[in-house]
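Structure first, commentary second.
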Amino acid sequence: MPRENMTQKRERAAEIERRMYEYYGEGECSLDHMDPFTLTVAVVLSAQCTDAAVNKISPTLFARFGTPEKMAHASIEEIEAIIHPLGFYHAKARNIKALAQTVLSEFGGEIPNDIDLLQKLPGVGRKTANVVMCQAFRNPQGIAVDTHVFRIAHQLGFATRNDDSPAKVEAKLLKIYPQRDWLFINHQWVHFGREFCVARRPKCAECFVNDLCPAGKKALMRTAD
DNA sequence: CTCCCGATAT
DNA sequence: ATATCAGGAG
Numbered sequence: 074m075p076r077e078n079m080t081q082k083r084e085r086a087a088e089i090e091r092r093m094y095e096y097y098g099e100g101e102c103s104l105d106h107m108d109p110f111t112l113t114v115a116v117v118l119s120a121q122c123t124d125a126a127v128n129k130i131s132p133t134l135f136a137r138f139g140t141p142e143k144m145a146h147a148s149i150e151e152i153e154a155i156i157h158p159l160g161f162y163h164a165k166a167r168n169i170k171a172l173a174q175t176v177l178s179e180f181g182g183e184i185p186n187d188i189d190l191l192q193k194l195p196g197v198g199r200k201t202a203n204v205v206m207c208q209a210f211r212n213p214q215g216i217a218v219d220t221h222v223f224r225i226a227h228q229l230g231f232a233t234r235n236d237d238s239p240a241k242v243e244a245k246l247l248k249i250y251p252q253r254d255w256l257f258i259n260h261q262w263v264h265f266g267r268e269f270c271v272a273r274r275p276k277c278a279e280c281f282v283n284d285l286c287p288a289g290k291k292a293l294m295r296t297a298d
């Protein structure tokens, strides 16, 4: 069986993206937010917990501390009490308060439209910075590789076992997908990862790209015999 | 690499 | 019971 070359990989990716767009559109952001600041905070809080859990506490959090000024002067204890159900509440509370203080002291009170400056904010790494660049500023500088994108990239055969870090997976995806698609990949794949390509038991038989996916084809073989 | 850490689905 | 959930810092 001949190995898939880069041109074929890009064509397969383009067809997958076409179907993703049909199915999910541009991919709605599933984290509730009002502006770049609340989006950034929500994404920081969403680490290793569900977006539904974040959305449950964010009305309370943002009613109380919805601006950098208010968050910067909040008490850690009060923030912790609000975000406790999310887990990692100690570190997250410290991070979002320090984040707000940094926005005030370093960036004139505004979340910066800059991938490198964003990563200077406490609690903001490459993944969160990518999400903010795409969602808040429509200025994609990369593809946010979260747990869903990481898993799906491997399932689709766009990343190999050697690509064992989000950075390596992102590098592979950036070569395969044109920049025009970078805006939508993360959100579309997050929805796709929840509905079909779930971590525990992927629903390959029902998946709308199973004919374009190595893992999906294997699953189809089994139902055929 | 380990630690941070509660809620939920299976 | 345990794997997993929009990761990042030390």
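With my numbering as the guide, the letters of the first sequence map in order to residues 74 to 298.
Yeah, the Cβ is synthetic: ideal placement off N, Cα and C, and Gly gets one too.
Remember, predicted model here, so these are calculated numbers, not experimental data.
Going by other Cβ atoms of all chains shown within 10 Å of its Cβ, with 16 needed for buried, is residue i buried or exposed?
i, result
"T123", "exposed"
"G98", "exposed"
"E279", "exposed"
"P141", "buried"
"M93", "buried"
"T80", "exposed"
"A136", "exposed"
"G289", "buried"
"T60", "The displayed coordinates of the chain run from 74 to 298. Any statement about residue 60 would go beyond what the structure contains."
"H163", "exposed"
"A86", "buried"
"M107", "exposed"
Using 8 Å as the threshold, is the C-beta distance between residue i and residue j below it?
i, j, result
"L256", "P213", "yes"
"L118", "I149", "no"
"F138", "A147", "yes"
"F225", "V205", "The sequence shown places Ile at residue 225, not Phe. No."
"I89", "V282", "yes"
"L104", "A115", "yes"
"P109", "A202", "no"
"A217", "N259", "yes"
"Q261", "G100", "yes"
At the level of alpha carbons, what is the spacing between residue i and residue j?
i, j, result
"K165", "R274", "30 Å"
"K291", "L194", "43 Å"
"E243", "P158", "30 Å"
"V177", "P132", "According to the sequence displayed, residue 177 carries Leu and not Val. Whole-angstrom Cα-Cα distance: 22 Å."
"E95", "F269", "15 Å"
"K200", "A272", "19 Å"
"D189", "L293", "43 Å"
"P287", "R211", "32 Å"
The region 160 to 177 contacting the region 204 to 223, beta-carbon criterion three pairs below 8 Å: The answer is no - the region 204 to 223 does not touch the region 160 to 177, with fewer than three Cβ pairs under 8 Å.
Completely contained alpha helix (DSSP H) runs for the region 85 to 171, where each covers 4 or more residues: Note on the region 85 to 171: whole alpha helix (DSSP H) runs with a minimum of 4 residues are 109 to 118, 124 to 137, 141 to 145 and 149 to 156, in chain order.
Contact between the region 260 to 270 and the region 237 to 252 (3+ Cβ pairs under 8 Å): no
Contiguous alpha helix (DSSP H) assignments of at least 4 residues, all confined to the region 227 to 296: 239 to 249 and 252 to 268
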